[in-house]
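Taking it in order: structure first as structure tokens, then the write-up.
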Amino acid sequence: MKKVILFKSESEDYERAFLDVNYETLFVEPLQFEFINKEELSNKLVQKDYRGLILTSPRAIEAVSKCWDPTRFVIWNTRRIYTVGEVSCHKIKLLLGLEAIGATSGSGENLANIITKENPENSKFLFPCGNFKTETLPNILKASNIAVDALTVYETKENDNLRSKLMAVNESANSCCMVFFSPSGCEYIYRQLQTFSNNLSVLPHFAIGNSTAHKIENLGVEVAGVAARPKADSVVEAVNNYFAQLQIS
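Right, dumping it as structure tokens:
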């Protein structure tokens, strides 16, 4: 059975989706995270001048959940919560008990456009984020005179075990492609791939979204496909389409 290397934490959804089309999955987590500024985040969550909350990454949702007190932060029951993708919407509901907007947005850029359409000028949003956040969403909102209060609530670092895991995967037979899930993950992975002789660099590269695809291209590597949405079935579709086209040609 062909193997797909997924640069993310283990996921039953992805394992099941690929197994349904006869692919085995190998998971390699390139990142580790440290949560910071918990007290400052708690203080901001009680301020009443925010129209809403923007959470564009799983780690940002987790950071908020670590200081979440539903009795203290009741104002958020009537404020707008924005995120990217169905999985994040579900996570916000599970950890914070809030309904989020953006299940079908697909990207930060699309989400920013939704926010600008739904909110008046001079609105202000709290944006908990990581140290490697992209500026696409804040820039779109600022261009529409919507204020973004960005607070770094977690730091992304290279997984201490990344090199050894990459070397182990390199020894595994029948790997057919790699899927990347974050720009920072791409950078760390390629930094380590340059330290040993490997067969991975020549495999087709797939990306979870446009920001990750651009990072792969900036590293001088061609992107074989980009998932239409940040979901397992969309990633499977991108991989299947690529190999189907190879067979035709």
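Residues in the sequence shown are numbered from 2 upward in steps of one, following our numbering. We put the beta carbon where it would ideally sit given N, CA and C, even for glycine. Since the structure is predicted, the reported quantities are computational estimates derived from the model, not experimental observations.
*Of all the CB atoms in chain D, is at least one closer than 8 Å to the CB of V85?*
Absent from the structure is chain D; it holds one protein chain and no more.
*Among I147, T84, K118 and A144, which has the Cα closest to the Cα of C130?*
A check of alpha carbon separations from C130 across I147, T84, K118 and A144 identifies T84 as the nearest.
*So who's on the other strand from A208, going by DSSP bridges?*
F181 and V227
*Per DSSP, S176 forms a beta bridge with which residues?*
K4
*Can you tell me the Cα-Cα spacing of E218 and D21, whole angstroms?*
30 Å
*Kindly examine the ligand PLP and report whether one of its heavy atoms sits closer than 7 Å to the Cβ of Q246.*
The ligand PLP is absent from the structure shown, which contains no ligands of any kind.
*Between S10 and E30, what straight-line distance do the alpha-carbon atoms span, to the nearest angstrom?*
Taking the straight line from one Cα to the other gives about 5 Å.
*When the Cα atoms are used, what is the spatial distance from F128 to F181?*
Going by the C-alpha atoms only, they are around 24 Å apart.
_Exposure of M2, with buried meaning 16 or more beta-carbon neighbours within 10 Å_ = Around the beta carbon of M2, fewer than 16 other beta carbons lie within 10 angstroms, which makes this residue exposed.
*Three or more C-beta pairs below 8 Å linking the stretch 91-108 and the stretch 197-207*: no
_Cβ-Cβ distance between T137 and A113 below 8 Å_ = It is a contact, given that the beta carbons lie within the stated cut-off.
*asked:* I believe V5 touches C187 by the beta-carbon criterion, under 8 Å. Please report the beta-carbon distance rounded to the nearest angstrom.
replied: The pair is not a contact, with the Cβ atoms about 16 Å apart (cut-off 8 Å).
_Spatial neighbours of N123 within its chain, please: C-beta separation below 8 Å, excluding the five flanking residues on both sides._
N146, I147 and A148
*With distances taken between CB atoms, is the gap from F207 to G226 smaller than 8 Å?*
yes
*Determine the closest residue to S176 out of V203, Y189 and E156, with distance taken between C-alpha atoms.*
V203
_Contact the stretch 43-57 vs the stretch 153-171: 3+ CB pairs below 8 Å_ = no
*Can the beta-carbon of L7 be found closer than 8 Å to that of S173?*
no
*So what does Y83 bridge to, in DSSP terms?*
I55 and I102.
*Under a three-way DSSP split, which group does K125 fall into?*
strand
*Note down, in chain order, each residue of its chain lying with its Cβ closer than 6 Å to the Cβ of E16, except the 5 sequence neighbours on either side.*
T26
_According to DSSP, simplified to helix, strand and coil, what is C130?_
strand
_Nearest by alpha-carbon distance to F133: which of C90, I209 and L152 is it?_
The shortest Cα separation from F133 among C90, I209 and L152 belongs to L152.
_Taking the straight line between their C-alpha atoms, what separation do you get for E63 and V154?_
Per the coordinates, the alpha-carbon of E63 lies some 10 Å from the alpha-carbon of V154.
*asked:* Do N171 and L201 have their beta-carbon atoms positioned less than 8 Å apart in this structure?
replied: Cβ distance < 8 Å, so L201 and N171 count as in contact.
_Boundaries of the beta strand (DSSP E) in which E25 is found, first to last residue_ = Y24 to F28
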